Structure formats: structure tokens, C-alpha cells
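Participant:
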Amino acid sequence: MATTSPPSATARNLWMGSRGRRILHTGMWSFIAKGCAAANLFISVPFVLRSLGPEQFGAWATLVSLVTFAGFLDFGFGNGTMNLIAAANGRQSQDEVATILQESRRTLVCVALCLTPIAALAALLVPWNHMLGMPGAAMDGRIAAATVLFSVVFAVPLNLANRVQLGLGRGDRAFRWQAAGQLAALAGVVTCAIANAPLSVLTAISVATPLLASLANTYSLSRDPDLVVTTQASPQERSVIGRKIRHEGFMFFVLQLAAALAFSADLPLISIFRGAAEAGTYAIVQRLFSVIPLALSLIWAPLWPIYRQALAVGDHAWVVSTLRRSLLLAVVFAAAGSTILVFGFGSIVGLWVHHPIAVPGIMLAGFACWCIMEASGTAIATFLNAASVMRYQLITSCVFATLCVGGKVWVVAHLGINWMPWVTVTTYCVASVFPLLWFRKRLISGVFSREY
6 MATTSPPSAT
16 ARNLWMGSRG
26 RRILHTGMWS
36 FIAKGCAAAN
46 LFISVPFVLR
56 SLGPEQFGAW
66 ATLVSLVTFA
76 GFLDFGFGNG
86 TMNLIAAANG
96 RQSQDEVATI
106 LQESRRTLVC
116 VALCLTPIAA
126 LAALLVPWNH
136 MLGMPGAAMD
146 GRIAAATVLF
156 SVVFAVPLNL
166 ANRVQLGLGR
176 GDRAFRWQAA
186 GQLAALAGVV
196 TCAIANAPLS
206 VLTAISVATP
216 LLASLANTYS
226 LSRDPDLVVT
236 TQASPQERSV
246 IGRKIRHEGF
256 MFFVLQLAAA
266 LAFSADLPLI
276 SIFRGAAEAG
286 TYAIVQRLFS
296 VIPLALSLIW
306 APLWPIYRQA
316 LAVGDHAWVV
326 STLRRSLLLA
336 VVFAAAGSTI
346 LVFGFGSIVG
356 LWVHHPIAVP
366 GIMLAGFACW
376 CIMEASGTAI
386 ATFLNAASVM
396 RYQLITSCVF
406 ATLCVGGKVW
416 VVAHLGINWM
426 PWVTVTTYCV
436 ASVFPLLWFR
446 KRLISGVFSR
456 EY
């Protein structure tokens with residue numbers, strides 16, 4: 006007589022499977038890393054605020070937010086490399102994985118070398134003190150800006166190791182190093198803030214310390230015997246791989262640029278039009294609500310390359326069911342989390358920064374609505390990125406960024422900062438949600454009809 010698995014075991018295997026267990030394992034380490042990032046985000050704020058005062062705190066928050074640009078100044082080659090490595094790893098082609106890594110390293114080092122003189126010129130020529138709303142602190146503002154610019158340049162090749170580890174299904178290793186970097190940055194910022202260090206020192210510690218962890222991760226990856234090329238690829242094969250990295254990477258670059266323009270423009274715009282003090286208030290609200298996408302990124306980071314591996318072996322049923330579950334999870338979690346933050350805002354901020362902040366309900370409601378929309382959009386974008394659905398995303402993202410930035414410039418100049426989250430919500434509906442509802446069937450059929 007044939008034996009059957011217990012119903013509970015069968016259900017558990019269908020729900021999770023080996024991929025689900027990998028997502029949970031990587032997600033656990035991602036949770037630890039994000040927890041360390043959240044600790045750095047929240048614990049450092051009151052120390053820096055007391056040390057620098059409201060005006061310079063706003064400048065510090067604005068400068069630190071510019072590190073976001075490190076995510077796209079690799080011209081998308083990191084994400085393109087992760088996709089290619091995930092597909093090659095799914096096919097168990099180790100020599101191809103090693104060759105992709107070799108070509109990516111060479112490309113990103115060249116990118117960093119090209120960006121170095123640009124960063125130097127920007128540090129010297131841009132009037133940073135006026136842009137940051139600190140006309141009386143020219144030298145300190147310039148030094149702080151220079152540390153951010155060069156940290157962004159160094160991050161371009163160093164952050165590749167994180168993407169490679171994720172593509173190989175070893176994201177837990179990347180997140181261990183990230184956790185160490187965030188804790189080191191927190192310790193450095195708090196220590197320097199207690200010592201009343203100037204803006205330039207606090208900015209340098211905030212943005213440069215995590216790079217030491219990326220450097221250690223890069224070194225550990227270079228010592229991995231599984232990533233050594235055993236059969237040297239021909240010049241033609243290397244050329245093909247290089248073109249794939251550049252082609253897919255450049256499209257990711259445009260996507261990242263559009264996202265950075267739309268989402269990272271808030272604080273610089275407020276600093277220019279309204280001053281550093283209002284930028285500091287907005288930064289506190291923005292950072293508080295950023296906990297929700299930060300928590301959900303525990304799932305998106307490992308899920309992206311696993312989607313790609315599943316597509317490479319044709320497991321479409323798993324992809325569809327996982328997409329539905331992740332979308333439902335994202336919406337429910339974001340709705341619950343944003344509701345708690347809106348109604349508990351006063352108490353949470355009082356415990357956090359130790360003094361009350363007057364924020365109108367219309368701004369809080371806007372951030373809450375955007376959190377829900379961003380969560381659902383990121384769940385879908387994770388799948389589309391893994392499937393290399395680039396042309397559609399390029400069009401919608403560029404339209405969204407254009408409408409969003411233009412709307413924010415007008416709103417912050419004429420209506421103030423309270424309506425800025427609603428600009429993001431409205432333009433995202435017009436540029437992304439409505440087109441997705443219209444083209445969803447065509448997109449899905451296109452994904453499942455191609456080879457990876």
C-alpha cells in the first residue's frame with residue numbers, strides 16, 4: 006500500500022517548499038540587518054538633533070538621504086548582474102556565474118573611476134551651504150557634502166557583492182555584513198554626537214562607516230573557491246555577457262533614476278523652498294513611515310532572485326501563487342502599520358525625539374495612503390524586475406517621475422509641505438496603477454512565453 010504524507014506536512018510543503026524556506030532564512034537575516042538599520046535610523050536622530058540643532062539637523066538629514074543615489078550610480082549593473090547570476094545559478098552553470106561576476110567587477114570599477122572627477126568638481130563648485138539652507142556654514146557644509154559624494158562613488162563597486170550574494174541565494178551572508186555596518190555607524194554617530202562633533206564629522210560617520218562592511222563582504226566573496234573561473238570564457242562569450250550586463254543594467258539604471266528623482270526629491274526641495282527647519286520636520290515624519298517599506302523589504306530582497314530562478318526552470322505555477330500571496334501580505338501589512346502610525350504619531354514621536362512635533366493630519370493621511378500604494382507596487386515591481394519586464398516599467402516610471410517632481414515643486418512652493426505625500430499618491434495612480442490594470446494580462450502572458 007502506498008504511503009502518503011500527513012496533510013499538515015503536505016500543506017506546509019506546498020506553502021513553503023525549498024524556495025519558501027530560503028526566502029524565510031534570508032528574510033530572517035534581512036530582518037536582523039533592517040533592524041540594525043532601523044536602530045541606526047531612530048536612535049541616531051535624537052542625538053544628532055540635540056547636538057546640531059534643528060537647522061543643521063535638517064541639513065544632516067538631507068545629506069544622508071543623498072546616499073540613495075549610490076543605488077543607481079552603478080547604472081543598474083548591480084541589479085542586472087543579480088538577474089543574470091540568479092538565472093545562471095538556477096541552471097547550475099557555475100562557470101557562467103564566475104564569468105558574469107568577473108565582467109561586472111571590471112565594469113563597475115571603470116564606472117567608479119569615471120565618477121571620481123565628477124564628484125570632486127561637484128564638491129568644489131556647488132554652493133552647498135545655500136542648497137542646505139545654511140548660508141553661514143560654507144566650509145562645514147562643503148566638507149560634509151564631499152564625504153557624501155565620495156562615499157557614493159566608492160559604494161558603486163563595493164555594493165556589487167550584496168547583489169551577487171542575493172543572486173546566488175546566499176543573501177544571509179550579505180545581510181550579516183550590512184548589520185555589522187549599520188551597528189558600527191550607529192555607535193560612531195552617537196559617540197560623535199555626544200562629543201558635539203560638527204556636521205561634517207557626523208555626516209562622514211553616517212555615510213562612510215557602512216562601506217567598511219561592504220568592503221569586507223567584497224573581500225570574502227573574492228576568496229570563495231566556487232566563484233573562480235575554471236574554464237576561461239572566449240572573448241566572444243565574455244563580450245556577449247558584457248553586453249547583457251550593460252543592456253539590462255542600463256534599463257535598471259533608468260528605473261532607479263526615475264525612482265530616486267520621485268522619492269528622494271522631497272527633502273532637497275523643502276530645504277530650497279522652505280528652509281532646513283521644515284525639512285527636518287518632514288524628515289522625521291518620512292523616517293517614521295519608512296519603517297513599513299523597510300520591514301517589507303525583508304521579503305522583496307530574497308524574493309527577486311528566487312523569482313528569476315523559478316522562471317529560468319519554468320516553474321510558473323509557483324511564481325503566480327507567490328505573486329498573489331506577496332501582494333496580499335504587502336497590502337494588509339502596510340494598511341495595519343500605517344494606521345498604527347497615524348493614530349499613535351504623537352506618542353511615538355514624543356518617545357522618539359523627546360519633544361512634540363506639530364504635524365497636521367492631512368500630511369499623516371497622505372503618508373499612510375502612500376505606504377499602502379508603495380507596498381502593493383513594490384510587490385508587483387519585484388516580479389516584473391525578476392522577469393526583466395523593462396520597457397513597460399521604463400515608460401511608466403519616467404512618466405511618474407516627471408509628473409511627481411513637477412507636482413512637488415509647485416506644491417511645496419505654493420501650498421507648503423503638508424500636501425507633498427498626496428502628490429506622490431495622485432501621480433502614482435495616474436502613471437502606474439491605471440496602466441497596470443489595463444495591460445496586466447498582456448504582461449503576464451509575455452513573461453511566461455520567454456526563456457531566461
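For reference, each letter of the sequence shown is one residue, going 6 to 457 in the working numbering. Positions of the beta carbon are idealized from the N, C-alpha and C atoms, including for glycine. These figures come from a predicted structure and were not determined experimentally.
1. Could you name the residues of the same chain whose beta carbon sits closer than 7 Å to that of M425, not counting the 5 residues immediately before and after it, in chain order?
2. Are the segment 44–64 and the segment 254–261 in contact at 8 Å, needing three or more beta carbon pairs?
3. Please classify L78: does DSSP put it in a helix, a strand, or coil?
4. What do you get for R168, buried or exposed, if any count of 16 or more other CB atoms within 10 angstroms of its CB means buried?
5. Grouping DSSP H, G and I as helix and E and B as strand, with all else coil, what is I422?
6. For L332, does the three-state DSSP call read helix, strand or coil?
7. Should T214 be flagged as near chain B, meaning a C-beta pair shorter than 8 Å?
8. With a threshold of 16 other CB atoms inside 10 Å of the CB of S437, please say whether the residue is buried or exposed.
9. Less than 8 Å between the beta carbons of A281 and G421, yes or no?
10. Quick check on D320: does DSSP put it in helix, strand or coil?
11. Hey, how far is the Cα of C374 from the Cα of S343?
12. Determine whether the beta carbon atoms of A380 and A335 lie at a separation below 8 Å.
13. Could you check where the alpha helix (DSSP H) with N167 kicks off and where it finishes?
14. Quick check on the burial criterion: 16 or more other C-beta atoms within 10 angstroms. Buried or exposed for Q398?
15. For a test of the three-state rule: what should DSSP assign to S30, helix, strand or coil?
16. Restricting to Cα atoms, I'd like to know which of I250, L389, L346, F257 is closest to L293.
17. When you compare only the Cα positions, how much space is there between T196 and H359?
18. Classify I385 as helix, strand or coil using the three-state DSSP reduction.
19. Give the DSSP-derived three-state secondary structure of T9 in the structure shown.
20. Entirely within the segment 77–165 and at least 3 residues each: give me those beta strand (DSSP E) ranges in chain order.
21. Could you pull out every residue in the same chain whose Cβ sits closer than 6 Å to the Cβ of A391, ignoring the five residues on either side in sequence?
22. Could you work out which residue in G254, T286, L356, S352 is closest to M368 when comparing CA atoms only?
23. If we ignore side chains and look at the alpha-carbon of each, how far apart do F257 and I400 end up?
24. By Cβ distance, which residues of its chain are closer than 6 Å to V404, with the 5 residues on each side in sequence left out?
25. For S49, which residues in the same chain have their Cβ closer than 7 Å to its Cβ, ignoring the five residues on either side in sequence?
26. Could you give the distance in angstroms between the alpha-carbon of L171 and the alpha-carbon of N134?
27. How big is the Cα-Cα spacing for Q97 and V245?
28. Three or more beta-carbon pairs under 8 Å between the segment 203–219 and the segment 28–41, yes or no?
29. Quick one: grab the DSSP three-state call for A198.
30. With DSSP as the reference, label R445 as helix, strand or coil.
31. Whole angstroms are fine: how far does the CA of A117 sit from the CA of S211?
32. Could you pull out every residue in the same chain whose Cβ sits closer than 6 Å to the Cβ of Q187, ignoring the five residues on either side in sequence?
33. Going by the CB atoms, is the gap between L120 and L78 shorter than 8 Å?
34. With DSSP collapsed to three states, give me the class of D229.
35. Going by other Cβ atoms of all chains shown within 10 Å of its Cβ, with 16 needed for buried, is G411 buried or exposed?
Facilitator: On the basis of the coordinates in this document:
1. The count along the sequence shown starts at 1 and reaches residue 425 at position 420. Hits under 7 Å: D271, K413, V416, V417.
2. With the cut-off at 8 Å, the segment 44–64 and the segment 254–261 do not touch.
3. The residue you call residue 78 lines up with position 73 of the sequence shown. Three-state result, L78: coil.
4. Within the sequence shown, residue 168 is the residue found at index 163, counting from 1. Looking at its Cβ environment, which holds 16 or more other Cβ atoms inside 10 Å, R168 is buried.
5. Locating residue 422 in the sequence shown gives position 417, counting from the first residue. It is coil, neither helix nor strand.
6. As a working note, residue 332 is residue 327 in the sequence shown. L332 falls in the helix class under three-state DSSP.
7. Of the chains in the structure shown, none is chain B; there is only one protein chain.
8. To locate residue 437, count along the sequence shown from 1; it is residue 432. Classification of S437: buried, given that the 10 Å Cβ count is 16 or more.
9. Counting from 1 along the sequence shown, the entry for residue 281 is found at position 276. Counting from 1 along the sequence shown, the entry for residue 421 is found at position 416. No, the Cβ-Cβ distance between A281 and G421 is not below 8 Å.
10. Along the sequence shown, one-based indexing puts residue 320 at 315. Secondary structure at D320: coil, using DSSP grouped into helix, strand and coil.
11. Stepping through the sequence shown from its first residue, residue 374 is reached at position 369. Stepping through the sequence shown from its first residue, residue 343 is reached at position 338. If I take the Cα positions, the gap works out to 8 Å.
12. Position 375 of the sequence shown, counting from 1, holds the residue named residue 380. Position 330 of the sequence shown, counting from 1, holds the residue named residue 335. The answer is yes: Cβ separation under 8 Å.
13. Counted from its first residue, the sequence shown places residue 167 at position 162. From DSSP, the alpha helix (DSSP H) with N167 extends over 165–172.
14. Here residue 398 refers to the residue found at position 393 of the sequence shown. Buried, by the Cβ-count rule.
15. Along the sequence shown, one-based indexing puts residue 30 at 25. Before going on, a small fix: residue 30 reads as His here, not Ser. Here H30 sits in helix by DSSP.
16. As a first step, residue 293 is located in the sequence shown; it is residue number 288 there, counting from the start. Checking every option, the nearest Cα to that of L293 belongs to L346.
17. As a first step, residue 196 is located in the sequence shown; it is residue number 191 there, counting from the start. As a first step, residue 359 is located in the sequence shown; it is residue number 354 there, counting from the start. When rounded, the distance between both Cα atoms is 19 Å.
18. Residue numbering aside, residue 385 sits at position 380 when the sequence shown is read from its first letter. In this structure, DSSP gives I385 a helical state, which the three-state scheme calls helix.
19. Counting from 1 along the sequence shown, the entry for residue 9 is found at position 4. Annotation note: pLDDT 42 at T9 (below 50); position unreliable, no value reported.
20. none
21. Counting from one through the sequence shown, the residue named residue 391 turns up at place 386. Annotation for A391: W309, Y312, R313 place their beta carbon closer than 6 Å to its own, counting only its chain and skipping 5 residues before and after.
22. Position 363 of the sequence shown, counting from 1, holds the residue named residue 368. M368 has its Cα closest to that of T286, out of G254, T286, L356, S352.
23. Walking along the sequence shown from the start, residue 257 turns up at place 252. Walking along the sequence shown from the start, residue 400 turns up at place 395. If you draw a straight line from the Cα of F257 to the Cα of I400, it is about 12 Å long.
24. For the purposes of this step, residue 404 is taken as residue 399 along the sequence shown, with counting starting at 1. Counting only Cβ-Cβ distances below 6 Å, and skipping sequence neighbours, we find A436.
25. Indexing the sequence shown from 1 puts residue 49 at position 44. The residues are L191, V194, V195.
26. One-based indexing of the sequence shown puts residue 171 at position 166. One-based indexing of the sequence shown puts residue 134 at position 129. Answer to the nearest angstrom: the Cα atoms are 39 Å apart.
27. What you label residue 97 is simply residue 92 of the sequence shown in a count that begins at 1. What you label residue 245 is simply residue 240 of the sequence shown in a count that begins at 1. Each residue's Cα considered, the two are about 19 Å apart.
28. These segments do not touch.
29. One-based indexing of the sequence shown puts residue 198 at position 193. Three-state DSSP puts A198 in a helix.
30. Residue 445 sits at position 440 when you count from the first residue of the sequence shown. Three-state DSSP puts R445 in a helix.
31. Within the sequence shown, the letter at position 206 stands for residue 211. Within the sequence shown, the letter at position 112 stands for residue 117. Roughly 21 Å separates the two Cα atoms.
32. Along the sequence shown, read from residue 1 onward, the residue named residue 187 stands at position 182. The answer, listed in chain order, is C41, A42, N45.
33. Residue numbering aside, residue 78 sits at position 73 when the sequence shown is read from its first letter. Residue numbering aside, residue 120 sits at position 115 when the sequence shown is read from its first letter. Closer than 8 Å, so yes.
34. Numbered from 1 along the sequence shown, position 224 holds the residue referred to as residue 229. Three-state result, D229: coil.
35. Position 406 of the sequence shown, counted from the start, is the residue given in the question as residue 411. G411 is exposed by the Cβ-count criterion.
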